[in-house]
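*Asks:*
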Amino acid sequence: MKTMAKRVCIIGAGLSGLTTIKCCLDEGLEPTCFEMGDDMGGLWKYQENVEEGRGNVFYSLITNSSKEFMAYSDFPTPENFPNFLAHTHMFQYLQAYAKEFKLNERIHLKTKVEAVTKTEDFQSSGQWNVTTVDENGIKNDMVFDAVMVCSGHNYNPNMPMDSFPGIENFKGKIIHSKDYKKPSAYAGKNVLVIGFGNSGGDIATEVSEHASQVFLSTRRGAWVLGRISDRGYPYDLLLLTRWKNLLRHYIPWDMFLKFEERNANFRFDHKIFGANPTFRIFSQQMVVNDNLPLCIMKGKLSMKPNVASFTDTAAVFVDGSQAESLDVVVFATGFCFQFPFLEVDDTFTVHDNCNCLYKNVFLPKIQPPTLAFINLVEANVSATSVCEMQSRWVTRIFKGLISLPDEAEMLKEISQEQEIYSHKFPNLKRHTIEIEDCPAYTDDLASKIGVRPRLLPLFLKDPGLALKIFFGPLTNYQFRLQGPGRWEGAAQAIRTQNHRVMVPFPGGSVTCSNTQGFGLVNLIVSLVLLAGCCLVVWFQTS
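If you count the sequence shown from 1, position 381 lands on 361 in my numbering, and the numbers rise without skipping.
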């Protein structure tokens, strides 16, 4: 059933919420955004004190994705910004984006959404009752045609205390990674970090420069990438390209994985350093960390297997070794997402991070589909590309321009995905919102909207631009070249992205003609690999 929403309630004014407001405006909808913090920006608005129900970053955090991938599709980051952004730069960028498109006037700050419930005539109207409370405790009841939840999932800490016998007797301090702000508080202490994701790796390496000793405990290891790749370019400019993603689908998958795993081990041998993963590369989110190998080599950081138990002052690991005289234990064990405002009338209750969303966005049982979740995903790409494409897709559904499959078909697709993931992830609870092939995911949504680049017609019209799109970074500007929401500056943004990458470097004044081909060596190596694979297949079948 097609919907014809007009007034849209947006919950959260962070990275996802801001692009959602703009996408609504682009489609002629009337968005109203509620943000419980005192400013827009979500977790990118750094705060020394952690607020309940709100995500936040630690002081020295920088983005895992480079600035060209963090940029919205019609608003490039300033060329003088560094290639990897601190929270201060990211917050400035979001402020500039909100100012450019006049988004602030749509945001109600210091306002919490307490309840989102269906109206009595929901089956016919698709409308929602929304109850908010402001900083003075004043409640307000409103009716909206649709709701977009952009509040994120990094605010409700997962603390699996029951998994560690004896931890109730531990006399040291126990915190979650959400509570970590600065490393100086751990000077001279012995610290155990449990969990080897991006947060665990960042905290462990940073604290190791101040603490007496840091232990990093991991059950399954992780594939670790550095931010710096060939010739010093940001790694994602070379890794995330259309030609490389195409290559993944045209050579034997196992051979491709072995090639990429070998590349990852060129930087440092994961097995020797104690980080050896029990899963294949790309099968789940990778850790982006530049300092881990050096910290281990300096002896300031010690990799450890899973914790078997605790004593009052120590942790005992499954291999029998111990971390003695511990002062602090940091749980970098992720988050449990929940939406209490949707539990009021049993619209949506989350159990064990269960994800029953079509395309990670829609609840099949909600008909008409006027409730959407934006950026409720974990992926190996920047959040910007995912949340913006989701928002553009959803707003066109709300406008009645795109239809969803029927409930049975959506449930069938969800069931198939869950079956696949149950075999890939032993602890499925932590991977319910994982997107394994994010370029394919965004391309799928782009095709539904009508904004996926059509390379052959483009090649006939502008071969230089087509080649940049195919061999260059798969940045978000590509999805503004044609179709709904087309931006006149998209082609120029693609042509000049090399320039924006080079400007922050000390030698950035060197002509960009020396940097026209991102990853030329990678291209040649991969083509040789493809030829080798073809020979192998030919010999096996001949």
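Think of the CB as a built atom: it goes at the ideal place given N, C-alpha and C, for glycine as much as any other residue.
Whole angstroms are fine: how far does the CA of R372 sit from the CA of Q72?
*Replies:* Those two C-alpha atoms are separated by around 23 Å.
*Asks:* In three-state DSSP terms, what is Q302?
*Replies:* It is a strand residue.
*Asks:* Which residue from C(-11), A446, K162 puts its Cα closest to that of A470?
*Replies:* When each option's Cα is compared against that of A470, the closest is A446.
*Asks:* I need the DSSP call for K(-14), collapsed to helix, strand or coil.
*Replies:* K(-14) falls in the coil class under three-state DSSP.
*Asks:* Taking the C-alpha atoms as reference points, what is the distance between N494 and P344?
*Replies:* Note that N494 has pLDDT 42, beneath the 50 cutoff, so the model's placement of it is unreliable and the number below is only indicative. So the alpha carbons of these two residues sit roughly 51 Å apart.
*Asks:* Can you check which of these residues, T221, W467, Q265, is closest to A420 by C-alpha distance?
*Replies:* If we check each option's Cα against that of A420, T221 comes out closest.
*Asks:* Can you grab the Cα-Cα spacing for the pair G463 / L218, in whole Å?
*Replies:* Cα to Cα, the separation comes out at about 27 Å.
*Asks:* List the whole-angstrom C-beta distance separating N450 from W223, where the pair is believed to meet the contact cut-off of C-beta under 8 Å.
*Replies:* Residue identity differs from the one stated: residue 450 is Phe in this sequence, not Asn. Right, the Cβ-Cβ distance comes to about 5 Å (below 8 Å), so this counts as a contact.
*Asks:* How about N269 and G206: do their beta carbons lie closer than 9 Å?
*Replies:* Cβ distance < 9 Å, so N269 and G206 count as in contact.
*Asks:* For K278 and R199, I'd like the C-alpha separation in whole angstroms.
*Replies:* Going by the C-alpha atoms only, they are around 23 Å apart.
*Asks:* Compute the Euclidean distance between the alpha carbons of A303 and H250, then round it to the nearest angstrom.
*Replies:* Those two C-alpha atoms are separated by around 22 Å.
*Asks:* Output the boundary residues of the alpha helix (DSSP H) element that contains A244.
*Replies:* Segment 233 to 247, the alpha helix (DSSP H) holding A244.
*Asks:* Can you tell me which residues form a DSSP beta bridge with Q193?
*Replies:* Looking at the DSSP assignment, Q193 forms a beta bridge with N170.
*Asks:* Would you say H307 and G152 are within 9 Å of each other, going by their C-beta atoms?
*Replies:* It should be pointed out that residue 307 corresponds to Asp in this sequence rather than to His. Taking 9 Å as the Cβ cut-off, D307 and G152 qualify as a contacting pair.
*Asks:* In angstroms with no decimal places, state the Cα-to-Cα distance between C492 and V129.
*Replies:* Confidence is the limiting factor: at C492 the pLDDT is only 47, short of 50, which leaves the residue's position unreliable, though a coordinate-based value still follows. Approximately 42 Å, taken between the alpha carbons.
*Asks:* Spatial neighbours of T185 within its chain, please: C-beta separation below 7 Å, excluding the five flanking residues on both sides.
*Replies:* N269, N271, L272, C275, L281, listed in sequence order.
*Asks:* Is it a yes or a no for the region 354 to 373 touching the region -5 to 3, going by three-plus beta-carbon pairs under 8 Å?
*Replies:* Contact between the region 354 to 373 and the region -5 to 3 is present, because at least three Cβ pairs lie under 8 Å.
*Asks:* Would you decide whether R480 is buried or exposed? Buried here means 16 or more other CB atoms lie within 10 Å of its CB.
*Replies:* Per the 10 Å Cβ criterion, buried.
*Asks:* Compare the Cα-Cα distances from P453 to each of K47, V37, D292, L381 and report the closest residue.
*Replies:* Out of K47, V37, D292, L381, K47 has the C-alpha closest to the C-alpha of P453.
*Asks:* Considering Cα atoms alone, identify which of Y213, T476, L381 is closest to G8.
*Replies:* Out of Y213, T476, L381, L381 has the C-alpha closest to the C-alpha of G8.
*Asks:* Could you check if S383 is buried or exposed, using at least 16 other CB atoms within 10 Å of its CB as the buried criterion?
*Replies:* Exposed: under 16 other Cβ atoms inside 10 Å.
*Asks:* Rank D159, Q103, R86 by C-alpha distance to the C-alpha of P349 and give the top, closest one.
*Replies:* If we check each option's Cα against that of P349, Q103 comes out closest.
*Asks:* Measuring straight from C-alpha to C-alpha, what distance separates E387 and D424?
*Replies:* Roughly 19 Å separates the two Cα atoms.
*Asks:* From the DSSP output, which residues share a beta bridge with D114?
*Replies:* T91.
*Asks:* Strictly by DSSP, which residues pair up with W108?
*Replies:* DSSP lists K98, F124 as partners of W108.
*Asks:* With 16 as the cutoff for other CB atoms within 10 Å, does H156 come out buried or exposed?
*Replies:* Buried, since its Cβ has 16 or more Cβ neighbours within 10 Å.
*Asks:* Using three-state DSSP, classify K441 as helix, strand or coil.
*Replies:* Reduced to three states, the DSSP call for K441 is helix.
*Asks:* Going by beta-carbon coordinates alone, are I261 and A288 separated by less than 9 Å?
*Replies:* Their beta carbons are not under 9 Å apart, which means I261 does not touch A288 by this criterion.
*Asks:* Buried or exposed: which applies to E368, given that a residue is buried once 16 or more other Cβ atoms fall within 10 Å of its Cβ?
*Replies:* By the neighbour-count rule (16 or more Cβ atoms within 10 Å), E368 is buried.
*Asks:* Give me, in chain order, the residues of the same chain whose beta-carbon lies closer than 8 Å to that of Q396; leave out the 5 immediate sequence neighbours on both sides.
*Replies:* Once the five neighbours on either side are set aside, Q396 has no close Cβ partner at all.
*Asks:* What residue from E80, A51, E59, M122 has the CA that sits closest to F14's CA?
*Replies:* Nearest of E80, A51, E59, M122 to F14, Cα basis: M122.
*Asks:* What do you get for D292, buried or exposed, if any count of 16 or more other CB atoms within 10 angstroms of its CB means buried?
*Replies:* With fewer than 16 Cβ atoms within 10 Å of its Cβ, D292 is classed as exposed.
*Asks:* Suppose the cutoff is 6 Å on Cβ atoms and the five residues either side in sequence are ignored; what does the same chain contact list for G(-8) look like?
*Replies:* Answer for G(-8): C130, S131, listed in chain order.
*Asks:* Helix, strand or coil: which one does DSSP assign to S493?
*Replies:* Confidence at S493 is low in this model, with a pLDDT of 43, below 50, so the placement of that residue should be treated as unreliable; the coordinate-derived value is given next. S493 falls in the helix class under three-state DSSP.
*Asks:* Which of the three DSSP states is assigned to L(-2) in this structure?
*Replies:* Looking at L(-2) - three-state DSSP - the assignment turns out to be helix.
*Asks:* Can you give the Cα-Cα distance for P214 and F485, rounded to whole angstroms?
*Replies:* Spanning the two alpha carbons is a distance of roughly 12 Å.
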